[in-house]
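The sequence shown: position 106 = 106 (the UniProt record's numbering), numbered continuously.
Where is the CB? At the ideal position from N, CA and C, for every residue including glycine.
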Amino acid sequence: MTVADDVRRRIADDLARAEESATAIDPPTSAHPDLDVVDAYEIQLINIRRRLDAGARIAGHKVGLASEAMQQMMGVDEPDYGHLLDTMQYHQGTPIDASAFCFPRVEVEVGFLLGEDLPGANCTNGDVVDAVEWVVPSIELIDSRIRDWRITLCDTIADNASSLGWVLGDERVGIEDIDVGDIDAVLHRNGEVVAKGNSSAVLGNPLTAVAWLARKVDSFGVRLKAGDVILPGTATRAIDIRPGDDFHAEFTGLGSVSLQFR
């Protein structure tokens, strides 16, 4: 049973105010335990449409819950997804105000830039290989507008899959020149190693996550298009952000990406 449209709108309003004010709210599912995944994606879309109406542009999509450990923790058997808007892009060398967010974290990801549109319902890993123009080092910024990250699957989906922003490194590598299923990643915070991982943690291969994403968004009438940024999921655990932190992520064969907070 899904919740009524007016309830969806109220939850979307609450999440939007929480993001704008950096003041977290209680989980929507605590007040609405009948909230389901369909409701959650519709709530996400309400706020995305509002931002598009205000002038933002869809720059791509992100995959969340792409590791087996995260899926087990959430009690689900597939990932989720959120939208990346051009207004959510951050840049190396430009410090970010950490106080503008609720509970921000960073995740290290092997990103993709699409050179061609992807098919939808029948998308395969091979289709992804054909469509990817560049593999790129990236960091996703995540945040939960839900107090203390006390989220269920539906809470995080409604909250745009807990997405905050993204930053890309300068390097671009052709997909034929690197094994995207076996890239080591190391994250430094203020010069200290705080996380290590391998891209195989992302559903065994990030290509699998992108193919899943293409099939999933197709069910909502969305296609992944040339020029899109795709963040397939993190190769490391998420790390909390503190004011003054300086992050630097290095990827074997792919280069690096950095960002700073104030």
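Nearest to residue i by CA position, among the options, is which residue?
| i | options | result |
| --- | --- | --- |
| A66 | T236, A56, V167 | T236 |
| W134 | A161, V229, D34 | V229 |
| L187 | F103, L118, T252 | T252 |
| R242 | P119, L203, L141, N122 | L141 |
| T156 | I11, D6, G174 | I11 |
| G126 | D246, K216, N205 | N205 |
| Q89 | A59, R150, R17, V106 | A59 |
What's the gap between the Cα of residue i and the Cα of residue j?
| i | j | result |
| --- | --- | --- |
| L259 | D80 | 26 Å |
| D26 | D159 | 12 Å |
| G115 | A31 | 43 Å |
| A40 | A4 | 12 Å |
| H248 | L207 | 24 Å |
| A226 | R172 | 16 Å |
| D182 | W212 | 19 Å |
Between which two residues does the alpha helix (DSSP H) harbouring residue i extend?
| i | result |
| --- | --- |
| G181 | Careful: G181 lies outside any alpha helix (DSSP H) and carries neither H nor E. |
| A158 | 153-158 |
| K225 | From DSSP, K225 is part of no alpha helix (DSSP H); its letter is neither H nor E. |
| I11 | 5-21 |
| I43 | 37-53 |
| V76 | Note, V76: premise wrong, no alpha helix (DSSP H); not H, not E. |
With which residues is residue i paired in a DSSP beta bridge?
| i | result |
| --- | --- |
| Q260 | D246 |
| W166 | Q89, E140 |
| F112 | V135, I230 |
| F251 | A185, G255 |
Which residues mark the beginning and the end of the beta strand (DSSP E) in which residue i is found?
| i | result |
| --- | --- |
| A192 | Here residue 192 is Glu; the residue named in the question, Ala, does not match the sequence. 192-198 is the extent of the beta strand (DSSP E) around E192. |
| E133 | 132-142 |
On the three-pair Cβ rule with 8 Å, is the stretch 214-224 touching the stretch 166-174? no
Using 8 Å as the threshold, is the stretch 192-200 in touch with the stretch 43-52, meaning 3 or more CB pairs across them? no
Can at least three beta-carbon pairs, one atom from the stretch 47-61 and one from the stretch 177-187, be found at a separation below 8 Å? no
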